[in-house]
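Which chain is which? The protein sequence lines are A and B, in order. Counting from 1, one number per residue, gives the positions in the first sequence under the numbering used here. Counting from 145, one number per residue, gives the positions in the second sequence under the numbering used here. Even glycine gets a Cβ: it sits at the ideal position worked out from N, Cα and C. The block underneath contains the structure these notes are about, expressed in structure tokens.
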Amino acid sequence: MVRRILAAAAVASLAFSPAHAEIARIKSSTGAAAIERGANHIPASPGLQINPGDRLVTGKGGRMSLSFIDNTRFAVGPNSNVAVNEFQYDRTRQKGSFVTQVDRGSLAVVSGKIAKSGRDAMKVRTPNTLLGVRGTKFIVEVPE
Amino acid sequence: MSWPRLAAACLLLGGCATSSLVLLPDDEGHQGQVAVLETDGKPTEAVISQGNSRTKLGDPTPSTQPLGNKGLKAQEAALLTSLPPPAKSFVLYFDLGTVTPTPESQAVLTALRAEIASRTGPQVEVTGHTDTVGSEADNDRLSQQRAEEVLNWLASQGFDRSLMSATGRGERELKQPTMDNISNAANRRVEVIVR
Chain A
1 MVRRILAAAA
11 VASLAFSPAH
21 AEIARIKSST
31 GAAAIERGAN
41 HIPASPGLQI
51 NPGDRLVTGK
61 GGRMSLSFID
71 NTRFAVGPNS
81 NVAVNEFQYD
91 RTRQKGSFVT
101 QVDRGSLAVV
111 SGKIAKSGRD
121 AMKVRTPNTL
131 LGVRGTKFIV
141 EVPE
Chain B
145 MSWPRLAAAC
155 LLLGGCATSS
165 LVLLPDDEGH
175 QGQVAVLETD
185 GKPTEAVISQ
195 GNSRTKLGDP
205 TPSTQPLGNK
215 GLKAQEAALL
225 TSLPPPAKSF
235 VLYFDLGTVT
245 PTPESQAVLT
255 ALRAEIASRT
265 GPQVEVTGHT
275 DTVGSEADND
285 RLSQQRAEEV
295 LNWLASQGFD
305 RSLMSATGRG
315 ERELKQPTMD
325 NISNAANRRV
335 EVIVR
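Here it is as structure tokens:
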């Protein structure tokens, strides 16, 4: 019994890793491309870590791409405004939920493990629709 | 309603400039689906499943057209080109109870280093595992040490530690399921995912 409690404690300490607030990283960017985090405007340089709630914003001619920790990949086109509203992922169980909102512009998506983990676990919202992603590659375009 | 007034109403509502969806097969050629769960706030049940197609969104029963000969628009093709490369996995193996990769795995380390160096904004996830020889607590420690050993080597090769994370999973995720206290070379491993 004591041994079992010790083992459980060891598991708990392994599971605790504060560095994992990170959900994605910027892989590339060109032109006017930034992350809006609350009142902050952060240039989208490669390696920048993304948090849930961040907004991906590009100007005319701006682009950025990012990879998420569940292997989802994004490419954001020019003149875009995309919010990562919700991202929860359990690495061990490979399950989670992911909601992205495309307010303007274009977003290419290759879905990852979250989309595979449950029906409509990954959703994309546009101004007039809510989409459920069932494991695929797609482009969403929202004209101004 | 006259056309100019309709157009003005569309601008105000922001919904008439219809958003659209281009559905494509994934990189392995598998075709997934996208469901339209809501349109203008009302539940809908449409499912778009036709690959290489374009769908105007906003209608409760949206109509899907094949991309056809025209194919993708130039800006769509450019968008796909800017997607990051897919994640790549590497596996290193270890002798019983040790934290140094086997001689055969040294070549994997070299390939791993090259892969990380080739990527912009790389992120590296290192996960250590053991076989079932020894106690669970010892194996949790050993798997963590194996992962950290690989991470430390990568750091010694000049990669910033902030790019990398190391986790130990002990004997919980056996590659080859075995009884307790079985030595198994396939289970003594470190898996590395490079994004």
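Residue from Thr-271/B, Leu-298/B and Glu-280/B with nearest C-alpha to Ala-258/B: Leu-298/B
Gly-31/A beta carbon less than 8 Å from that of Gly-62/A: yes
Residue from Ala-83/A, Gly-105/A and Met-122/A with nearest C-alpha to Arg-37/A: Ala-83/A
Cβ-Cβ distance between Val-268/B and Val-334/B below 8 Å: no
Contacting positions in the segment 34-66 of chain A - beta carbon closer than 9 Å to chain B: Ser-45, Pro-46, Gly-47, Leu-48, Gln-49, Arg-63, Met-64, Ser-65 and Leu-66
Nearest-angstrom Cβ-Cβ length linking Leu-236/B and Leu-253/B, presumed shorter than 8 Å: 7 Å
Chain-ordered neighbours of Pro-247/B on chain A, where CB pairs are closer than 7 Å: Under the 7 Å cutoff, chain A gives no residues; its nearest Cβ is about 29 Å from Pro-247/B.
Contact check, Asp-170/B vs Val-99/A, beta carbons under 8 Å: no
Contacts around Val-191/B, its chain only, beta-carbon distance under 8 Å, and the 5 residues preceding and following it disregarded: Gln-177, Val-178, Ala-179 and Val-180
Burial state of Gln-288/B (16 or more Cβ within 10 Å): buried
Residue-chain proximity (Ala-179/B, chain A), Cβ-Cβ < 8 Å: yes
Local Cβ density within 10 Å of Thr-205/B, reported as buried at 16 or more and exposed below that: exposed
For Asn-85/A, three-class secondary structure by DSSP: strand
Cα-Cα separation between His-41/A and Met-64/A, rounded to whole angstroms: 15 Å
Collapsed DSSP secondary structure at Thr-271/B in the structure displayed: strand
Pick from Pro-245/B, Lys-217/B, Ala-221/B and Asn-196/B that is closest to Pro-210/B, judged by C-alpha positions: Asn-196/B
Secondary structure of Ser-207/B, DSSP reduced to three states: coil
Within chain A, partners of Ser-262/B - CB distance below 7 Å: What Ser-262/B touches in chain A: nothing, since even the nearest Cβ is about 12 Å away.
Same chain only: Cβ atoms within 7 Å of Thr-145/A, ignoring 5 sequence neighbours per side: Examination of residue 145/A is not possible in this model, given that chain A is present from 1 through 144 alone.
Proximity of Ser-106/A and Leu-223/B at Cβ, strictly below 8 Å: yes
For Gly-96/A and Ile-114/A, believed in contact at Cβ under 8 Å, the rounded distance: 4 Å
Opening and closing residue of the alpha helix (DSSP H) in which Val-294/B lies: 280-300
Within chain A, the residues that Gln-175/B reaches when beta carbons sit closer than 8 Å: Thr-136
Euclidean distance between Cα positions of Asp-324/B and Gly-272/B: 18 Å
Endpoints, beta strand (DSSP E) assigned at Ile-35/A: 33-37
Residues near Ala-44/A in its chain [Cβ-Cβ closer than 6 Å; skip 5 each side]: Ile-26, Ser-29, Ala-33, Ala-34, Ile-35 and Met-64
Residue-chain proximity (Ser-233/B, chain A), Cβ-Cβ < 8 Å: no
Alpha-carbon spacing of Gly-77/A relative to Asp-275/B, whole angstroms: 46 Å
Expected contact under 8 Å - CB spacing of Asn-85/A and Thr-58/A to nearest Å: Going by Cβ atoms, the distance from Asn-85/A to Thr-58/A rounds to 18 Å, so no, they are not a contact pair.
Chain A within 8 Å of Gly-158/B, Cβ atoms only: In this prediction, Gly-158/B scores a pLDDT of 44, lower than 50, which makes its location untrustworthy; no coordinate-derived value is stated.
Which residues DSSP lists as bridging Lys-200/B, in chain order: Ser-164/B
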